[in-house]
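Numbering (my numbering), first residue to last: 11 to 85. What follows is a set of notes on a single structure, which appears directly below.
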């Protein structure tokens, strides 16, 4: 176990060897647990990975614009 000081602005400096060994060079995820804070490496995602679990939108139904006038438009 290693003790680290909490700096101003609530920052901590991790030992350089820990950062390299754990792959924490770019960003991290923080998880609050009953025992404290868990720091995990954050892996960057591509847009395809981000949207992979999003619901796909079906084809929109045809809109009836027969009753819409220019007064109905908001600029």
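Note that beta-carbon positions come from the ideal geometry of N, C-alpha and C, so glycine has one too.
Boundaries around residue 47 are those of the beta strand (DSSP E), 47-51, since no alpha helix (DSSP H) includes it. In this structure residue 48 does not touch residue 34 by the C-beta definition: roughly 13 Å separates them, more than the 8 Å allowed.
In this structure, DSSP gives residue 35 a state outside helix and strand, which the three-state scheme calls coil. With a contact defined as Cβ atoms closer than 8 Å, residue 61 and residue 38 miss out at about 23 Å. If the five residues before and after residue 32 are omitted, its C-beta is found closer than 7 Å to the C-beta atoms of 51, all from its own chain and listed in chain order.
Scanning 21, 18, 28 for the CA closest to the CA of residue 11 turns up 28.
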